[in-house]
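Everything on this sheet refers to the single structure shown next.
2 protein chains.
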Amino acid sequence: MLNLARITVVLVRPRNPINIGAAARAMANFGFRNLTVVAPYAPHWREARSAVGAPELLRNAKESATLADAVAGCTLVVGTGTIARRKPEQKVLSLLNLAPLVKQELDRGGRVALVFGPEKHGLTREDLSWCNLLVEIPTDPRQPSMNLGQAVAVCLYELAARVFPAESAASAPTAAHAPDPAYAPEKGTERMSAAPSGGLDRLAGVIEEAMFAAGYSPSSMQAANRHDLRLLLRRLAPTERDTRRILGLFRRILWRLMQSPKRN
Amino acid sequence: MLNLARITVVLVRPRNPINIGAAARAMANFGFRNLTVVAPYAPHWREARSAVGAPELLRNAKESATLADAVAGCTLVVGTGTIARRKPEQKVLSLLNLAPLVKQELDRGGRVALVFGPEKHGLTREDLSWCNLLVEIPTDPRQPSMNLGQAVAVCLYELAARVFPAESAASAPTAAHAPDPAYAPEKGTERMSAAPSGGLDRLAGVIEEAMFAAGYSPSSMQAANRHDLRLLLRRLAPTERDTRRILGLFRRILWRLMQSPKRN
């Protein structure tokens, strides 16, 4: 957790205790530990910190009078927000492109701050003047403004997943096409292995007998049905266990069909 | 917005009106429009819909009595949650690897549902039996459980940014996620698209009748068999055409079994 510990989340003048709590919860979800709150509204800040179930990192949060103080030790200060209403003076980057920059900064021993503005109007031009760059979450232009707790969750997800894949839980390397094994459950995969071709052929044989016994189609169709069934079973790719179970069902059906005289 | 319109967000038995509102807001932020709410607690659902500033998509949301109904028209049903407490019966995928699958499904004309469980305990084993796969947000194992509104925001951010980069605002296509010719729909793939959930339910119903008519297993096993069959069909993912053909075979078998008296 060495690298995550060098990222600080900074909330500037947050108002709503629910949002402060939500931001802290998202930090805990994604393994971040360092929270600094700048000039919070005191009664709401006390309420958020003392809430039942507040994560430990919220009780350990630093308080700072100014954003300048809060980010004084950081080498890369990233403001968040939308540029809808004004022309920013910083470089603007999509959140999609942030991870490599943060990784680079941490790799060379830097410290990173991720700065979130107050609920209503976001970071001011003055606030942004402490930021090296402004990162935007790509949102629908008709509804660009995100809830604070949700914006924090999205940014931390992106960083946790794409800067620290080794430190986040369920991540597997992102191949453009995830091959099947990437989403097979790891335990008990024996059961998930595909049935061998011979097993599929045995199953096809019993299904074909059941088709015949049920008078499913004229005998002129038999060769075509057999071909289609072979293709179908390969495409569905049942596991060994699936194959045994389907075989069991069709054997039972076949046995019952053979007991009764044909009436069609 | 053609593709985004073929994704439905499904909230199963949500309780807290603030979370319902937050989920809807995240949908609006990322350009999603279709919300279905399953069996909501009525007073809170009314409260959420009538809240000041509720997005239009919340007022237009569909209500559904069961998850089966809510996803009946969908060809890829994705459950969300954490596997911390149990061993899932579905394929499990990190959210990081979901985008290519969703894109592939939409490219071949399918419809996708993203299903979120209730706040306290998430989706049940029964709920998950309607899902083709379970997607996990990679979180810190010490605090894996996310707030509902934040989980929705993170999932929709990931899909909006990485499935529809052209439709989301500030994103530039990143090399890792550049369009891949392999995603292009093949000719005649219409027939290859997965059968919708409702079609699988109809097929399962007829297979179950055939099991019963053939005396396949004792009636005490009926609920377990039904559950296993639901999982099996989602895992095999037959196409619409496959489904029609298997249905035809089982209808024929059932008809023949019903003609003859039971002799076992």
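Read top to bottom, the protein sequences are chains R and C.
Following our numbering from start to finish, the first sequence increments by one per residue and tops out at 264.
Following our numbering from start to finish, the second sequence increments by one per residue and tops out at 1264.
Where is the CB? At the ideal position from N, CA and C, for every residue including glycine.
As assigned by DSSP and simplified to three states, the class of residue i
i, result
"residue 112 (chain R)", "strand"
"residue 1117 (chain C)", "coil"
"residue 78 (chain R)", "strand"
"residue 1008 (chain C)", "strand"
"residue 34 (chain R)", "strand"
"residue 135 (chain R)", "strand"
"residue 1094 (chain C)", "strand"
"residue 1020 (chain C)", "helix"
"residue 62 (chain R)", "strand"
"residue 124 (chain R)", "coil"
"residue 1224 (chain C)", "helix"
"residue 1051 (chain C)", "coil"
"residue 1195 (chain C)", "coil"
Residue i to residue j span [Cα, whole Å]
i, j, result
"residue 1165 (chain C)", "residue 249 (chain R)", "47 Å"
"residue 144 (chain R)", "residue 138 (chain R)", "8 Å"
"residue 1246 (chain C)", "residue 1203 (chain C)", "8 Å"
"residue 238 (chain R)", "residue 163 (chain R)", "37 Å"
"residue 52 (chain R)", "residue 58 (chain R)", "11 Å"
"residue 200 (chain R)", "residue 230 (chain R)", "8 Å"
"residue 293 (chain R)", "residue 161 (chain R)", "A question about residue 293 (chain R) goes unanswered here, because the residues of chain R that appear run from 1 up to 264."
"residue 205 (chain R)", "residue 1212 (chain C)", "23 Å"
"residue 1062 (chain C)", "residue 1141 (chain C)", "35 Å"
"residue 1035 (chain C)", "residue 1020 (chain C)", "10 Å"
"residue 1008 (chain C)", "residue 223 (chain R)", "42 Å"
"residue 1074 (chain C)", "residue 1196 (chain C)", "5 Å"
"residue 1336 (chain C)", "residue 1218 (chain C)", "Nothing can be reported for residue 1336 (chain C), as the shown portion of chain C is limited to 1001 through 1264."
"residue 15 (chain R)", "residue 123 (chain R)", "13 Å"
"residue 50 (chain R)", "residue 1146 (chain C)", "20 Å"
"residue 1240 (chain C)", "residue 1198 (chain C)", "11 Å"
"residue 1017 (chain C)", "residue 18 (chain R)", "14 Å"
"residue 100 (chain R)", "residue 1148 (chain C)", "29 Å"
"residue 125 (chain R)", "residue 89 (chain R)", "8 Å"
"residue 1228 (chain C)", "residue 220 (chain R)", "35 Å"
"residue 1060 (chain C)", "residue 1042 (chain C)", "16 Å"
CB of residue i within 7 Å of CB of residue j, strictly
i, j, result
"residue 1272 (chain C)", "residue 1071 (chain C)", "This structure cannot speak to residue 1272 (chain C), because chain C is shown only from 1001 to 1264."
"residue 91 (chain R)", "residue 133 (chain R)", "yes"
"residue 1055 (chain C)", "residue 1028 (chain C)", "yes"
"residue 1109 (chain C)", "residue 1081 (chain C)", "no"
"residue 150 (chain R)", "residue 1153 (chain C)", "yes"
"residue 1038 (chain C)", "residue 1064 (chain C)", "yes"
"residue 251 (chain R)", "residue 1214 (chain C)", "no"
"residue 1119 (chain C)", "residue 1112 (chain C)", "no"
"residue 1094 (chain C)", "residue 1158 (chain C)", "no"
"residue 1156 (chain C)", "residue 1024 (chain C)", "no"
"residue 1067 (chain C)", "residue 1107 (chain C)", "no"
"residue 236 (chain R)", "residue 1236 (chain C)", "yes"
Distance cut-off 6 Å: residue i Cβ against heavy atoms of the ligand ATP
i, result
"residue 119 (chain R)", "For the ligand ATP, the structure offers nothing, since it holds no ligand at all."
Whole-Å CB distance - residue i paired with residue j, under 8 Å assumed
i, j, result
"residue 1012 (chain C)", "residue 1114 (chain C)", "Not really, about 11 Å apart at Cβ, beyond 8 Å."
"residue 210 (chain R)", "residue 1253 (chain C)", "7 Å"
"residue 5 (chain R)", "residue 46 (chain R)", "Actually they are not in contact, since the Cβ atoms of residue 5 (chain R) and residue 46 (chain R) sit about 27 Å apart, beyond 8 Å."
"residue 1131 (chain C)", "residue 1234 (chain C)", "7 Å"
* Residues, ordered as in the chain, of the segment 1129-1149 of chain C that lie near chain R by beta-carbon distance below 8 Å -> From the segment 1129-1149 of chain C, only 1133, 1136, 1137, 1138, 1139, 1140, 1141, 1142, 1143, 1144, 1145, 1146, 1147, 1149 have a Cβ closer than 8 Å to chain R.
* Scan the segment 224-258 of chain R for residues whose Cβ lies nearer than 7 Å to a Cβ of chain C and list them as they occur along the chain. => Listed in chain order, the positions of the segment 224-258 of chain R with a beta carbon within less than 7 Å of a beta carbon of chain C are 232, 236, 238, 242, 249, 252, 253, 256, 257.
* Using a Cβ-Cβ cut-off of less than 7 Å, give me the residues of the segment 1010-1038 of chain C that come near chain R, in sequence order. => Listed in sequence order: 1022, 1025, 1026, 1028, 1029, 1030, 1031.
* **Members of the segment 210-222 of chain R near chain C, C-beta cut-off 9 Å** => Taking 9 Å as the Cβ-Cβ cut-off against chain C, the residues of the segment 210-222 of chain R that qualify are 210, 211, 213, 214, 215, 216, 217.
* Got a sec: which bits of the segment 1088-1111 of chain C sit with their beta carbon under 8 Å from any beta carbon on chain R, in order along the chain? -> Taking 8 Å as the Cβ-Cβ cut-off against chain R, the residues of the segment 1088-1111 of chain C that qualify are 1088, 1091, 1092, 1093, 1094, 1095, 1096, 1097, 1100, 1101.
* For the segment 36-70 of chain R, enumerate the residues whose C-beta is nearer than 9 Å to any C-beta of chain C, in chain order. => For the segment 36-70 of chain R, the set of residues with a beta-carbon nearer than 9 Å to any beta-carbon of chain C comprises 55, in chain order.
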